[in-house]
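Quick notes on the structure that follows.
Protein chains: 4
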Amino acid sequence: MANSKYGYVKRFEADDAVLPECWIVVRLDGKGFTKFTAAHGLAKPSDERALSLMDRAAQEVMHEFRDIRIAFGESDEYSFVFHKHTALYGRRASKLLSLVVSLFTAAYVRFWPHCLPDTELQQTPCFDARAVCYPNNKTLRDYLAWRQADTHINTQYNTCYWALVNSGKSGKEAQEYLKGTQTAFKNELLYREFKINYNELPARFRKGSVVFWKPPTSLDPSSRSQKHALMVQHEDIIKDAFWEQYPHILS
Amino acid sequence: MANSKYGYVKRFEADDAVLPECWIVVRLDGKGFTKFTAAHGLAKPSDERALSLMDRAAQEVMHEFRDIRIAFGESDEYSFVFHKHTALYGRRASKLLSLVVSLFTAAYVRFWPHCLPDTELQQTPCFDARAVCYPNNKTLRDYLAWRQADTHINTQYNTCYWALVNSGKSGKEAQEYLKGTQTAFKNELLYREFKINYNELPARFRKGSVVFWKPPTSLDPSSRSQKHALMVQHEDIIKDAFWEQYPHILS
Amino acid sequence: MANSKYGYVKRFEADDAVLPECWIVVRLDGKGFTKFTAAHGLAKPSDERALSLMDRAAQEVMHEFRDIRIAFGESDEYSFVFHKHTALYGRRASKLLSLVVSLFTAAYVRFWPHCLPDTELQQTPCFDARAVCYPNNKTLRDYLAWRQADTHINTQYNTCYWALVNSGKSGKEAQEYLKGTQTAFKNELLYREFKINYNELPARFRKGSVVFWKPPTSLDPSSRSQKHALMVQHEDIIKDAFWEQYPHILS
Amino acid sequence: MANSKYGYVKRFEADDAVLPECWIVVRLDGKGFTKFTAAHGLAKPSDERALSLMDRAAQEVMHEFRDIRIAFGESDEYSFVFHKHTALYGRRASKLLSLVVSLFTAAYVRFWPHCLPDTELQQTPCFDARAVCYPNNKTLRDYLAWRQADTHINTQYNTCYWALVNSGKSGKEAQEYLKGTQTAFKNELLYREFKINYNELPARFRKGSVVFWKPPTSLDPSSRSQKHALMVQHEDIIKDAFWEQYPHILS
Chain A
1 MANSKYGYVK RFEADDAVLP ECWIVVRLDG KGFTKFTAAH GLAKPSDERA
51 LSLMDRAAQE VMHEFRDIRI AFGESDEYSF VFHKHTALYG RRASKLLSLV
101 VSLFTAAYVR FWPHCLPDTE LQQTPCFDAR AVCYPNNKTL RDYLAWRQAD
151 THINTQYNTC YWALVNSGKS GKEAQEYLKG TQTAFKNELL YREFKINYNE
201 LPARFRKGSV VFWKPPTSLD PSSRSQKHAL MVQHEDIIKD AFWEQYPHIL
251 S
Chain B
1 MANSKYGYVK RFEADDAVLP ECWIVVRLDG KGFTKFTAAH GLAKPSDERA
51 LSLMDRAAQE VMHEFRDIRI AFGESDEYSF VFHKHTALYG RRASKLLSLV
101 VSLFTAAYVR FWPHCLPDTE LQQTPCFDAR AVCYPNNKTL RDYLAWRQAD
151 THINTQYNTC YWALVNSGKS GKEAQEYLKG TQTAFKNELL YREFKINYNE
201 LPARFRKGSV VFWKPPTSLD PSSRSQKHAL MVQHEDIIKD AFWEQYPHIL
251 S
Chain C
1 MANSKYGYVK RFEADDAVLP ECWIVVRLDG KGFTKFTAAH GLAKPSDERA
51 LSLMDRAAQE VMHEFRDIRI AFGESDEYSF VFHKHTALYG RRASKLLSLV
101 VSLFTAAYVR FWPHCLPDTE LQQTPCFDAR AVCYPNNKTL RDYLAWRQAD
151 THINTQYNTC YWALVNSGKS GKEAQEYLKG TQTAFKNELL YREFKINYNE
201 LPARFRKGSV VFWKPPTSLD PSSRSQKHAL MVQHEDIIKD AFWEQYPHIL
251 S
Chain D
1 MANSKYGYVK RFEADDAVLP ECWIVVRLDG KGFTKFTAAH GLAKPSDERA
51 LSLMDRAAQE VMHEFRDIRI AFGESDEYSF VFHKHTALYG RRASKLLSLV
101 VSLFTAAYVR FWPHCLPDTE LQQTPCFDAR AVCYPNNKTL RDYLAWRQAD
151 THINTQYNTC YWALVNSGKS GKEAQEYLKG TQTAFKNELL YREFKINYNE
201 LPARFRKGSV VFWKPPTSLD PSSRSQKHAL MVQHEDIIKD AFWEQYPHIL
251 S
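From first to last, the protein sequence lines are chains A, B, C and D. Residues 1 to 251 in the UniProt record's numbering are what the first sequence lists, from first letter to last. Residues 1 to 251 in the UniProt record's numbering are what the second sequence lists, from first letter to last. Residues 1 to 251 in the UniProt record's numbering are what the third sequence lists, from first letter to last. Residues 1 to 251 in the UniProt record's numbering are what the fourth sequence lists, from first letter to last.
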């Protein structure tokens, strides 16, 4: 930046570097997406095309910022996990979260016509973002488990809610009907009343999307194409199996 | 957010609310725009269409966040000033800066075809953002003066640089030639060698863009259309005249 | 600090410099002083000697840190106001608050025998501290007014409470009796029942202590002795009069 | 605190709670102790009585704040390690560091006559303090190793320096003589010139002081007296042996 007698105002900028050796999670969340979704006539409770667009934007972010080891998305939110040793932008929280949310949003708008070719973008979408530190693997995995448990709870609830509404109940009646009910009750309701087997819903709806780099193979660990391949899965990341299968993510 | 045994991880989120009664500036800055500009064949040193797109995106942001009193843009950066009494999102820095940068970027991509109809978007652009507090009008005005002084210094330098390059010098030679030169020298160079009168360059290039709400008129202070009208100007905001003409901005 | 391979741990220290051009208030507060007071048999509700000791310690702090412009004390708390332009220790909050609370506590213990010669120190006293920024004179003065209003409210309440207790009521009964009562009622109670004219209580009890540097005189503004003289008063600092009389404090 | 219309100023206080699940180190450091030491004629380079006083004050702090698991002191500094799960004062950095430094300083002044009975306190001593987070055992142990390595380096240097000065060199000459020398050279110098075997200096000088709670015994783990017993040692805490012997400290 050019120098002038006004340059002293730069001293008002605070240092917001985050603690070393902690995992840094940047989580994005759509602003006013209930309205945004309705305005574009997206499917309820989940729209496969819109979710694919989220995944597409997430991959754009991960290709740009290679220190992101894993990302998890559901509904209108996405979490990106920077490696605990990243030195990117001096670990400044505002730099990391602003670049991630900006690139994600740009990709979301840019690739909208690819994923929703028959739906014109009517409004300018936007996302908020925050950066959170987790000091060890346990708390990081609990963070990701928290988001995936949220996916399940929300999807099950919303599937019931929209089934009730589509069968003639008002939104308020549906809400009242579901208040305080447990998982087993909701599964039963879906099955008995609406012939929906919750466990047969697309995995993307029930598990969200997990995006990570393909593990290096023993045959050719240095292969460029391998190293740069992203995997998008809709698997359980709460249990140990996933982490035992892909130990390179947290290593 | 749905509840689960993992919900404790929310406690790792830090409170980043900024000091009350301070002006909050959110400044965006294009990431890698030298390359981005070259990839799209934009005019050097300034591209009127690209600057118009920045102004267009800035207006989208101001229409959404009414507590922004004034914005200033130049080149690939834009600063937005939230009123010192704003209570938006509890004054949390990450919320404010992420929403502004996300909406700005989304609008930038969405309106690209309107402002640059003959240039296809080849890359996903992105911006970083930071939030800075200024505790009084003096420091806020010095901040804005800092950015406008920067506009002048950069535009004058870049105009010389590209004139030299376009006349056959290499980039390195041009840089060497201009090293340590003063304003008067550069004006003289432009005029003598290239018949460019610096002061006749478009005001947008020399002064940047200042965006603010039209002041209420005495005739009809409550007129909705008036209140919602944004003005985009390319005037001096360093001297007092501008602030005396529009006292409502800082009031 | 000596260098070694472990020196990298210094990078975990966060920068906690506070915003420039804001007044910095460091407020100390006695930890567990209800018990501490009882253990030493101090007078209820206010002990002149103990308050003098607080003032003595405050002066020690102000003699050491000349950028403190004014201090205000009541009961077991003291607030110190660093000038908004202070550059002391790079304005790092932890440096400023730790040095102030450490020196204050040291002086409190050191000068205890001077102020309470007949009472042996039985326990090690300690104070917590925090640093708070105020961006303008209005909010700083409101802060000081807040503390002085607190002094009045507490002293009046405690005077009533102890008068009731000393006249035979239990602590619980006294509390119940005073619950929700207004200023006028309490003044009346003191006067009618206990022949105490609240306004004749020592000003130190009702107004707290305000400590500041003697203003420079026109006769000899550079006189060293004058410049280094501290004034301890028990005056109203809520109204304008005090600030009009001593404009040098905030200048 | 009593309520009044000024109470809004409390909103200017920032939340400074530190990240959960991190070790919290509060380090104190004497302000101007070179002068303070000289003013009281303490022994050079290390004064056993003054170091004992530091250890005494540290024990006072640990008896008050039971979540401190270990402390390490050398020269005029002391570090206190709060357990990573402590919830004390909501983990607010300013609360923790101010209470520790205040209590430490109070104890330092209070117990001065016990440890230095023949030396009257001439000045009010004070300490600064900071709080630093360490996210795992490795970085915490490296922090403590950093301080103990510092102890060795400083003590060896200072022992040489004062031996040279006491033998007739000026301070500047001694400094010049030692500039850039290695450990082996300094040990040799002490031994050859001054008949000092560095390794026979008191362990307190070479290793500093480590203070921690006695481990629970299998015979009577709930014995109150045991649980409340502090150990003060001058042992190596850089190597693993100490931590293997006392695994309860970090558990």
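By construction, the Cβ of each residue, glycine as well, lies at the ideal position given by its N, Cα and C atoms. Computed from a predicted structure; not experimentally measured.
Where residue i meets chain A, residues with beta-carbon distance less than 7 Å
i                : result
Lys95 of chain B : Asp128
CB contact below 8 Å: residue i versus chain C
i                 : result
Glu244 of chain B : no
Leu99 of chain D  : yes
Trp146 of chain D : yes
Ser102 of chain D : yes
Integer Cβ distance of residue i from residue j, believed to fall under 8 Å
i                 : j                 : result
Val109 of chain A : Arg110 of chain B : 5 Å
Gln59 of chain A  : Val165 of chain A : With a Cβ gap of about 33 Å, Gln59 of chain A and Val165 of chain A do not count as contacting.
Ile237 of chain B : Gln148 of chain B : 6 Å
Phe131 of chain B : Ile24 of chain B  : Rather than Phe, the amino acid found at residue 131 of chain B in this sequence is Ala. That pair is a contact at about 6 Å.
Leu116 of chain D : Cys160 of chain D : Rounded, the Cβ-Cβ distance is 26 Å, inconsistent with contact.
Glu64 of chain D  : Pro202 of chain D : That belief does not hold up - the Cβ atoms of Glu64 of chain D and Pro202 of chain D are roughly 28 Å apart, past 8 Å.
Within chain C, partners of residue i - CB distance below 7 Å
i                 : result
Phe12 of chain A  : Leu19, Pro20
Thr181 of chain B : Within chain C, no residue comes near Thr181 of chain B; the closest Cβ sits about 33 Å away, beyond 7 Å.
Cutoff 8 Å: residue i Cβ touching any chain D Cβ
i                 : result
Tyr198 of chain C : no
Thr124 of chain C : yes
Glu188 of chain C : no
Arg110 of chain C : yes
Proximity to residue i [Cα-Cα], best of the options
i                 : options                               : result
Gly30 of chain C  : C:Glu244, C:Ser102, C:Leu230, C:Leu88 : C:Ser102
Trp213 of chain A : A:Arg49, A:Asp55, A:Gln122, A:Ile249  : A:Ile249
Thr183 of chain B : B:Lys172, B:Gly168, B:Asn158          : B:Asn158
Phe72 of chain D  : D:Gln123, D:Ala145, D:Leu97, D:Glu173 : D:Ala145
Gly90 of chain C  : C:Arg49, C:His83, C:Pro117, C:Val18   : C:Val18
Phe12 of chain D  : C:Leu28, C:Arg56, C:Thr139            : C:Thr139
Gln175 of chain D : D:Asn187, D:Phe185, D:Trp162          : D:Trp162
Glu120 of chain D : D:Cys126, D:His40, D:Asp16            : D:His40
Ala14 of chain A  : A:Arg66, A:Arg49, A:Ser94, A:Phe82    : A:Ser94
Met54 of chain B  : B:Lys172, B:Cys133, B:Arg204, B:Lys5  : B:Arg204
Val100 of chain B : B:Lys5, B:Ala57, B:Pro215, B:Asp16    : B:Ala57
Ser79 of chain A  : A:Tyr246, A:Ser98, A:Leu28, A:Tyr177  : A:Leu28
Thr86 of chain C  : C:Trp112, C:Thr217, C:Arg66, C:Glu77  : C:Arg66
Start and end residues, alpha helix (DSSP H) containing residue i
i                 : result
Val165 of chain C : 137–166
Cys115 of chain C : 112–115
Asp240 of chain A : 240–245
Ser52 of chain C  : 48–64
Arg204 of chain C : 203–207
Phe33 of chain A  : 33–39
Proximity test, Cβ basis, 8 Å: residue i and chain B
i                 : result
Gly73 of chain A  : no
Lys31 of chain A  : yes
Ser170 of chain A : no
Glu235 of chain A : no
Chain D residues whose Cβ lies nearer than 7 Å to that of residue i
i                : result
Asp15 of chain B : Asp15
Chain A residues whose Cβ lies nearer than 8 Å to that of residue i
i                 : result
Asn136 of chain D : Glu21, Pro135, Asn136
Glu60 of chain B  : Thr124
7 Å Cβ cut-off: residues of chain B touching residue i
i                 : result
Thr139 of chain C : Glu21
Segment limits, beta strand (DSSP E) that includes residue i
i                 : result
Gly73 of chain B  : 68–74
Ala184 of chain C : From DSSP, Ala184 of chain C is part of no beta strand (DSSP E) but of the alpha helix (DSSP H) over 183–194.
Gln233 of chain B : 230–233
Asp29 of chain A  : 23–30
Glu176 of chain A : Careful: Glu176 of chain A lies outside any beta strand (DSSP E), inside the alpha helix (DSSP H) at 171–178.
Ala129 of chain D : 127–134
Any C-beta of chain A under 8 Å from that of residue i
i                : result
Gly90 of chain B : no
Cβ-heavy atom distance, residue i to the ligand MG, below 7 Å
i                 : result
Leu103 of chain A : No copy of the ligand MG occurs in the structure displayed, which carries no ligand at all.
Partners in chain C for residue i, counting only beta-carbon separations shorter than 8 Å
i                 : result
Gly208 of chain D : What Gly208 of chain D touches in chain C: nothing, since even the nearest Cβ is about 13 Å away.
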